[in-house]
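Visitor: Dumping the structure here so I can ask a few things about it.
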Amino acid sequence: MAITKQAAQLTPVSIIACNPHLGGMYEDLNRLGLIEEDEIELDDAALSLALLDHPGTDLATYYDLLDAIETRLDSVGGDLASAAERAEALAAVLAGEFGFEGDSETYDDPANADLINVLDRRRGLPVSLAILWVAMARRLGWSADVLDLPGHVLVLIAAEETSVIVDPFANGVRVGTERLAALIEAAAGSGRSVTHLAAMPNRAVLVRLLQNQASRAEQAGNGRRALELYVRMTTMAPAYPHAWWERARLELADQAIAAARGSLGAMLEITRDPALRRRVTKMLDALTAD
Numbered sequence: 001m002a003i004t005k006q007a008a009q010l011t012p013v014s015i016i017a018c019n020p021h022l023g024g025m026y027e028d029l030n031r032l033g034l035i036e037e038d039e040i041e042l043d044d045a046a047l048s049l050a051l052l053d054h055p056g057t058d059l060a061t062y063y064d065l066l067d068a069i070e071t072r073l074d075s076v077g078g079d080l081a082s083a084a085e086r087a088e089a090l091a092a093v094l095a096g097e098f099g100f101e102g103d104s105e106t107y108d109d110p111a112n113a114d115l116i117n118v119l120d121r122r123r124g125l126p127v128s129l130a131i132l133w134v135a136m137a138r139r140l141g142w143s144a145d146v147l148d149l150p151g152h153v154l155v156l157i158a159a160e161e162t163s164v165i166v167d168p169f170a171n172g173v174r175v176g177t178e179r180l181a182a183l184i185e186a187a188a189g190s191g192r193s194v195t196h197l198a199a200m201p202n203r204a205v206l207v208r209l210l211q212n213q214a215s216r217a218e219q220a221g222n223g224r225r226a227l228e229l230y231v232r233m234t235t236m237a238p239a240y241p242h243a244w245w246e247r248a249r250l251e252l253a254d255q256a257i258a259a260a261r262g263s264l265g266a267m268l269e270i271t272r273d274p275a276l277r278r279r280v281t282k283m284l285d286a287l288t289a290d
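What follows is the structure in structure tokens.
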């Protein structure tokens with residue numbers, strides 16, 4: 001837990017100073033970084049993250065909507081036993097009745113990675129929709145996980161010894177062998193090889209959600225916004241070294257040398273990869289020399 005406490009200490013004072021309302025909400029973020037992995041409820045955590053960008057918003061309306069979806073899903077499929085039937089029930093309720101769909105027209109809109117906006121607009125990215133699907137399935141006690149693919153995520157619904165893979169971005173269409181092979185081939189074409197599909201831990205799913213926002217912010221030339229999002233990642237998921245590295249990079253770009261040293265030092269605490277440790281140590285030495 002030491003690194004988690006350090007993450008809380010490294011939350012830039014400037015961010016809270018410019019946004020006083022964030023103080024209490026960052027305390028919630030710190031708590032999210034402290035709880036055990038299996039205690040994280042994806043819908044609740046994603047709403048808490050979104051609230052940081054919607055200060056003063058009453059989340060009761062959004063929890064009411066999630067409860068209504070759960071109630072309807074339980075009515076439609078609460079007694080279903082097979083993975084295929086459960087997947088069909090999820091598609092019928094989330095895509096069919098409530099109208100949640102992938103936003104292919106304005107895919108890069110940051111609202112697609114913000115669960116408050118996703119619930120308002122009924123549109124989102126693969127990862128934000130996957131969070132919704134998995135959270136609803138788990139509310140009924142079903143086994144469901146987000147599957148990791150570069151550039152895309154899918155959802156695995158399992159029951160007893162059977163399982164099915166669906167694509168929430170495509171209204172819950174079943175992903176068979178051919179479609180899966182095409183997605184893996186596309187990932188390989190982008191230079192990111194995929195040897196197997198793995199269920200993503202809850203924190204990794206939330207990190208991916210925030211990374212979508214951070215990459216879009218940086219592409220739009222808003223490095224300060226991207227930095228704030230990486231601060232959220234390292235606070236919520238302090239054991240993920242990539243977020244610390246990106247945070248340090250943006251802190252350096254912002255001339256926040258002491259903050260960058262702190263982020264790189266935190267990174268050294270959590271990584272045991274020799275090459276990565278050498279890279280971080282070299283950067284720290286260079287900063288000390290300056």
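Sequential numbering from 1 applies to the sequence shown in our numbering. Quick reminder that beta carbons are idealized off the backbone N, C-alpha and C, glycines included.
#1: Quick check on this structure: which residue in 281, 242 and 187 has the alpha carbon closest to the alpha carbon of residue 261?
#2: Consult DSSP for residue 144 and reduce its assignment to one of helix, strand or coil.
#3: Return the Cβ separation of residue 153 and residue 130 in integer angstroms, given the expectation that the two are a contact with Cβ distance under 8 Å.
#4: Counting only the same chain and skipping the five closest in sequence on each side, list residues whose C-beta sits under 7 Å from that of residue 216.
#5: Counting only the same chain and skipping the five closest in sequence on each side, list residues whose C-beta sits under 7 Å from that of residue 136.
#6: Leaving out the 5 sequence neighbours to the left and right, which residues in its chain are closer than 7 Å to residue 250 when beta-carbon positions are compared?
#7: Exposed or buried, residue 213, counting other C-beta atoms within 10 Å across all chains shown (16 or more means buried)?
#8: Here's a check: name, in chain order, each residue in its chain whose Cβ is nearer than 8 Å to the Cβ of residue 81, leaving out the five neighbours to either side.
#9: Indicate the three-state DSSP secondary structure (helix, strand or coil) for residue 40 in the structure shown.
#10: In chain order, what are the residue ranges of uninterrupted alpha helix (DSSP H) at least 4 long that sit wholly in the region 174-260?
#11: For residue 201 and residue 257, what's the separation of their Cα atoms in angstroms?
#12: Could you pull the DSSP bridge partners for residue 167 from this structure?
#13: Apply the 10 Å Cβ neighbour rule to residue 65 and answer buried if 16 or more other Cβ atoms are within range, or exposed otherwise.
#14: Hey, out of 54, 127, 219 and 117, whose CA is closest to residue 299's CA?
#15: DSSP three-state label for residue 56, please.
#16: Is residue 235 close to the ligand SAH? I mean its beta-carbon at under 6 Å from any heavy atom of the ligand.
#17: Name the one or two DSSP bridge partners that residue 101 has.
Guide: Per the coordinate set shown:
#1: For residue 261, the nearest C-alpha among the options comes from 281.
#2: Strand, per DSSP.
#3: The C-beta separation of residue 153 from residue 130 comes to about 5 Å, placing the pair in contact by the 8 Å criterion.
#4: Taken in chain order, the residues that qualify are 108 and 110.
#5: Same-chain partners within the cutoff: 69, 70, 73, 90 and 94.
#6: Excluding positions up to five away in sequence, the list reads 223, 226, 227 and 230.
#7: Counting the other CB atoms within 10 Å of its CB gives residue 213 a total of 16 or more, which places it among the buried residues.
#8: Contacts found: 159 and 160.
#9: In this structure, DSSP gives residue 40 a state outside helix and strand, which the three-state scheme calls coil.
#10: Listed in chain order, the complete alpha helix (DSSP H) runs (minimum 4 residues) inside the region 174-260 are 177-189, 202-219, 223-236 and 241-253.
#11: So the alpha carbons of these two residues sit roughly 32 Å apart.
#12: Answer is 173, bridged to residue 167.
#13: Classification of residue 65: exposed, given that the 10 Å Cβ count is below 16.
#14: A query on residue 299 cannot be resolved here, the shown segment of the chain reaching from 1 to 290 and no further.
#15: Annotated three-state conformation of residue 56 is coil, per DSSP.
#16: With respect to small molecules bound, the structure shown includes none, and the ligand SAH cannot be examined in it.
#17: As a beta-bridge residue in DSSP terms, residue 101 pairs with 123.
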